[in-house]
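Undergrad: Chain order of the listed sequences is A and B.
Just so you know, we're using our numbering here: the first sequence kicks off at 502 and counts up by one.
Just so you know, we're using our numbering here: the second sequence kicks off at 502 and counts up by one.
Ideal Cβ positions, reconstructed from N, Cα and C, are used throughout, including at glycine.
Protein chains: 2
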Amino acid sequence: MNKTSKISDAEWQVMRILWEKAPITSSEIVEILRLRTGWGPTTIYTLINRLVNKKAITIDKGSSPNVCRPLLSQQGCRREERNFFLKKVYDGSLNLLLMNILEDEELSDVEIDELKHILDGSKNKER
Amino acid sequence: MNKTSKISDAEWQVMRILWEKAPITSSEIVEILRLRTGWGPTTIYTLINRLVNKKAITIDKGSSPNVCRPLLSQQGCRREERNFFLKKVYDGSLNLLLMNILEDEELSDVEIDELKHILDGSKNKER
DNA sequence: AAGTACATTCTACATTTGTAGAATACGATT
DNA sequence: AATCGTATTCTACAAATGTAGAATGTACTT
Chain A
502 MNKTSKISDA
512 EWQVMRILWE
522 KAPITSSEIV
532 EILRLRTGWG
542 PTTIYTLINR
552 LVNKKAITID
562 KGSSPNVCRP
572 LLSQQGCRRE
582 ERNFFLKKVY
592 DGSLNLLLMN
602 ILEDEELSDV
612 EIDELKHILD
622 GSKNKER
Chain B
502 MNKTSKISDA
512 EWQVMRILWE
522 KAPITSSEIV
532 EILRLRTGWG
542 PTTIYTLINR
552 LVNKKAITID
562 KGSSPNVCRP
572 LLSQQGCRRE
582 ERNFFLKKVY
592 DGSLNLLLMN
602 ILEDEELSDV
612 EIDELKHILD
622 GSKNKER
């Protein structure tokens, strides 16, 4: 019954900081997000708490500025979110997504080559 | 002040049908989604109405099974959603997204070549 | 005209989300 | 111990979302 409750958009902001800087104190998170988004401190504490409830992070209470760290991996959350998005918007078609990006964004040849290079890097990875 | 209100996940299901089959009657939408998702008819009508309020679709009242059609393009909505997702989850980095997909999914060489081919198709499109 | 079945709207309600004020707790300072 | 500023929790609240029952409208069939 592990109904992995979804991480909301605002909560993602918190997670991103956690993944980048954990272990990090709540107050530091508050400070970073305050600057980055303009949210009030309590707003940010609320988000932090909700993430604790969702079991996405833990807080070591004990030392005063509490220390937080993620319980869910960025990799995993990204994957989850990506698959959800891909299914919802592109019916799961990666090809379609890519075509669409190419149509909409003006990628330079250099950028396109970068992408191709990334693709090359992953051929024949398995036996 | 055009605060383009976001299309919710459930509403996307409706939009998808609209984009694929418009003009289409509400009852047909109801029927398709009822089968596809198991939602009750009123649930689906609610979604349809919310989309009308969001100015995402219109309904020609007049004929009894009303006829609906989208007001927003699939292309545009996809773009919006994609950019939002990309920013939120990948800090806007397409390269990172692609690398991540390759790490997580086991794409066959054929699939990878397809992607490369899509990329090739879009080089030198502009002068 | 009445009946019946389908179509549509209204109303409702629990959750989740964004947002934050009020209250309290903790630690350093007088 | 009293004080003050920082840290944290509690409480709150409106809007959005998922979900649908009740009520009403419409059109075809007796």
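Please compile the residues from chain A whose C-beta is within a distance smaller than 9 Å of the C-beta of residue 613 (chain B).
TA: As a working mapping, residue 613 (chain B) is identified with position 112 in the second sequence. In chain order: 620, 621, 623 and 624.
Undergrad: State the Cα-Cα distance for the pair residue 579 (chain B) and residue 595 (chain A), rounded to the nearest angstrom.
TA: Here residue 579 (chain B) refers to the residue found at position 78 when the second sequence is read from its first residue. Here residue 595 (chain A) refers to the residue found at position 94 when the first sequence is read from its first residue. Taking the straight line joining both Cα atoms gives about 13 Å.
Undergrad: Output yes if chain A places a C-beta closer than 8 Å to the C-beta of residue 502 (chain B); else output no.
TA: Within the second sequence, residue 502 (chain B) is the residue found at index 1, counting from 1. Confidence at residue 502 (chain B) is low in this model, with a pLDDT of 39, below 50, so its placement is unreliable and no value can be given for it.
Undergrad: If distances are taken between C-alpha atoms only, which option among A:576, A:569 and A:548 comes closest to residue 604 (chain B)?
TA: What you label residue 604 (chain B) is simply residue 103 of the second sequence in a count that begins at 1. Per the Cα distances, A:576.
Undergrad: At what residues does the alpha helix (DSSP H) containing residue 542 (chain B) begin and finish?
TA: Here residue 542 (chain B) is taken as the residue at index 41 of the second sequence, counted from 1. Residues 542-554.
Undergrad: What residues from chain B crowd round residue 582 (chain A), counting only those whose CB sits closer than 9 Å?
TA: Counting from 1 along the first sequence, the entry for residue 582 (chain A) is found at position 81. Neighbours of residue 582 (chain A) on chain B, chain order: 586, 589 and 590.
Undergrad: Would you mind reading off the limits of the alpha helix (DSSP H) that contains residue 533 (chain B)?
TA: Here residue 533 (chain B) corresponds to residue number 32 of the second sequence, with the count starting at 1. 527-538 is the extent of the alpha helix (DSSP H) around residue 533 (chain B).
Undergrad: Between residue 527 (chain B) and residue 566 (chain B), what straight-line distance do the alpha-carbon atoms span, to the nearest angstrom?
TA: Sequence index remark: in the second sequence, residue 527 (chain B) carries index 26 (1-based). Sequence index remark: in the second sequence, residue 566 (chain B) carries index 65 (1-based). Between residue 527 (chain B) and residue 566 (chain B), the C-alpha separation is close to 6 Å.
Undergrad: Excluding five sequence neighbours on each side, which residues of the same chain lie with their C-beta closer than 7 Å to the C-beta of residue 556 (chain A)?
TA: Looking up residue 556 (chain A) in the first sequence gives position 55. Cβ within range, chain order: 572.
Undergrad: Comparing C-alpha positions only, which one of A:524, A:621 and A:607 sits nearest to residue 564 (chain A)?
TA: Taking the first sequence and counting its residues from 1, one reaches residue 564 (chain A) at position 63. Nearest option by C-alpha distance: A:524.
Undergrad: Rounded to a whole number of angstroms, what is the C-alpha to C-alpha distance between residue 569 (chain A) and residue 560 (chain A)?
TA: As a first step, residue 569 (chain A) must be located in the first sequence, where it is residue number 68. As a first step, residue 560 (chain A) must be located in the first sequence, where it is residue number 59. If I take the Cα positions, the gap works out to 4 Å.
Undergrad: For residue 611 (chain A), is the classification buried or exposed, using 16 other Cβ atoms within 10 angstroms of its Cβ as the cut-off for buried?
TA: On the first sequence, residue 611 (chain A) is found 110 positions in, with the first residue counted as 1. It counts as exposed.
Undergrad: Mind checking the stretch 552-578 of chain A against chain B and listing, in chain order, the residues whose C-beta falls within less than 7 Å of any C-beta there?
TA: So nothing in the stretch comes that close.
Undergrad: Can you find the residues in the same chain that come closer than 7 Å, C-beta to C-beta, to residue 512 (chain A), ignoring five residues on each side of it along the sequence?
TA: Position 11 of the first sequence, counted from the first residue, corresponds to residue 512 (chain A). For residue 512 (chain A), where only same-chain residues beyond five positions count, the Cβ hits under 7 Å are 548, 551 and 552.
Undergrad: Is residue 610 (chain A) helix, strand or coil when you go by DSSP?
TA: Residue 610 (chain A) sits at position 109 when you count from the first residue of the first sequence. Correct three-state label for residue 610 (chain A): helix.
Undergrad: Could you tell me whether the Cβ atoms of residue 508 (chain B) and residue 518 (chain B) are closer together than 8 Å?
TA: Walking along the second sequence from the start, residue 508 (chain B) turns up at place 7. Walking along the second sequence from the start, residue 518 (chain B) turns up at place 17. No, these two residues do not count as a Cβ contact at 8 Å.
Undergrad: In chain order, which continuous runs of the alpha helix (DSSP H) of length 4 or greater are located wholly inside the stretch 553-588 of chain B?
TA: Entirely contained in the stretch 553-588 of chain B, not one alpha helix (DSSP H) run reaches 4 residues.
Undergrad: What do you get for residue 536 (chain B), buried or exposed, if any count of 16 or more other CB atoms within 10 angstroms of its CB means buried?
TA: Walking along the second sequence from the start, residue 536 (chain B) turns up at place 35. It is exposed - the Cβ of residue 536 (chain B) has fewer than 16 other Cβ atoms within 10 Å.
Undergrad: Can you name the residues of chain B whose CB is closer than 7 Å to the CB of residue 617 (chain A)?
TA: If you number the first sequence from 1, residue 617 (chain A) lands on position 116. The contacting residues are 617 and 620.
Undergrad: Assuming residue 514 (chain B) and residue 543 (chain B) form a contact by the criterion Cβ under 8 Å, report the distance between their Cβ atoms to the nearest whole angstrom.
TA: Numbered from 1 along the second sequence, position 13 holds the residue referred to as residue 514 (chain B). Numbered from 1 along the second sequence, position 42 holds the residue referred to as residue 543 (chain B). With a Cβ gap of about 15 Å, residue 514 (chain B) and residue 543 (chain B) do not count as contacting.
Undergrad: Residues of chain A with a CB under 8 Å from the CB of residue 533 (chain B): which are they?
TA: Within the second sequence, residue 533 (chain B) is the residue found at index 32, counting from 1. Residues of chain A passing the Cβ test: none, with the nearest at roughly 14 Å.
Undergrad: Which of helix, strand or coil does DSSP assign to residue 518 (chain A)?
TA: Numbered from 1 along the first sequence, position 17 holds the residue referred to as residue 518 (chain A). Residue 518 (chain A) falls in the helix class under three-state DSSP.
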